[in-house]
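Okay, so the sequence shown: first residue is 1149 according to the numbering used here, each after it adds one.
Here the structure is laid out as structure tokens; the discussion comes afterwards.
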Amino acid sequence: MASINTNLSAMTALQSLKTTQNSLSKTQGQISTGLRVGEASHNASYWSIATQMKSDNGALGAVKDSISQSKAMIDTFSSALDKTLVYLNKMKEGLVAASQPGADLAAIQTEIDTNLEGLKSAGSSATFNGQNWLMGVGSATDVKVVTSYDGNAQKVGQLTIDTTKTVLFAAADGTGAGLLSGVMTMTGAAGAINQGADAAANAARVAAALTAVDDAINSVTTGSATLGANKALLETQESFIGVLSDSLTAGVSAFVDADMNEASTRLQ
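Okay, structure coming up:
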């Protein structure tokens, strides 16, 4: 039926034009943003899943930063422990020399005093971001560092590091409980290895000092090995977090990214 008031052919053509324009607008949007699901209205399910995955991936990025910081902290403390071992080994060499009859105990004691000051400096200056695992109470609470994030459980994973194996002394002056408790007293009127003309007494003090230094070397070596093992674990976890982050990125892409070849063809 022909009508003077209603042009059905024109209405059909207009609807077809609107459909074409909508399709063109959608395709142009995909090309300009690179996304086929840029907002919830495009695909509510895919958008929701991708948004959660992006959030989890952001949390994993924070975990990677935390692991990098923890590794840097361990490097700082490990360097200080290595320096501590240098001082202890020098003290051990001096005490072995002091065991020889006729040794200059006064000169060796001077070297010991110098090395003790070095030990204090190494332990008290090993600070990273306000943390110092070498100086504090010997029974300090274990330190927990971030290693993972579980998006399903909404839980942060942590690694516990036993700082009782790394604390050298409690106070900056070298006193208090710690791995060097038996060493830091080897000075002054009470702790010096040369306290008179009695050779037997001096020899006993030298022997006791040598035992204390050997014990300290063993303890510091254990502490250094503990830090090394924890750093190795953090490096492994860092690698895993990187792989997991890449997987989440790929997953997000599968849900929301546009096929640029297909979109370009449609535009043409």
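For every residue, glycine included, the Cβ atom is placed at its ideal position computed from N, Cα and C.
None of the values given here were measured: they were computed from a predicted structure.
Non-local beta-carbon contacts of Lys1240 in its own chain, meaning distances under 6 Å to residues more than five positions away in sequence, involve Val1361 in chain order. Of the candidates Lys1268, Thr1359 and Asn1277, Thr1359 places its Cα closest to the Cα of Val1244. Going by beta carbons, Val1354 and Ala1246 fall inside the 7 Å limit.
Here Gln1257 is actually not in contact with Ala1345; their C-beta atoms are around 15 Å apart, not less than 8 Å. About 11 Å separates the beta carbon of Leu1264 from that of Gly1271, a gap too long to meet the 8 Å contact definition. Around the beta carbon of Val1404, 16 or more other beta carbons sit within 10 angstroms, so the residue counts as buried. The C-beta of Ala1364 has 16 or more other C-beta atoms within 10 Å across all chains shown, which makes the residue buried. Going by beta carbons, Leu1236 and Asn1342 fall outside the 7 Å limit. If you compare the alpha carbons of Lys1231, Thr1374 and Leu1233 with that of Asp1310, the shortest gap goes to Thr1374. Considering only Ser1227, Ala1251, Ile1260 and Phe1225, the residue with the shortest C-alpha distance to Lys1238 is Ile1260. A residue is called buried once 16 or more other Cβ atoms fall within 10 Å of its Cβ, and Asn1205 is buried on that count. The count of Cβ pairs closer than 8 Å, one atom from the region 1199-1216 and one from the region 1390-1400, reaches three, so the stretches are in contact. C-alpha of Val1368 to C-alpha of Asn1350: approximately 27 Å in a straight line. In this structure, DSSP gives Met1334 a state outside helix and strand, which the three-state scheme calls coil.
Rounded to whole angstroms, the Cβ separation of Gln1385 and Thr1295 is 5 Å, and the two are in contact under 8 Å.
Boundaries around Ile1256 are those of the alpha helix (DSSP H), Leu1253 to Ser1273, since no beta strand (DSSP E) includes it. Spanning the alpha carbons of Leu1233 and Lys1212 requires a straight line of approximately 31 Å. Distance from the Cα of Gly1305 is smallest, within the candidate group Ser1214, Ala1188, Val1400 and Tyr1194, for Ser1214. Here Val1391 is exposed: its Cβ has fewer than 16 other Cβ atoms, across all protein chains shown, within 10 Å.
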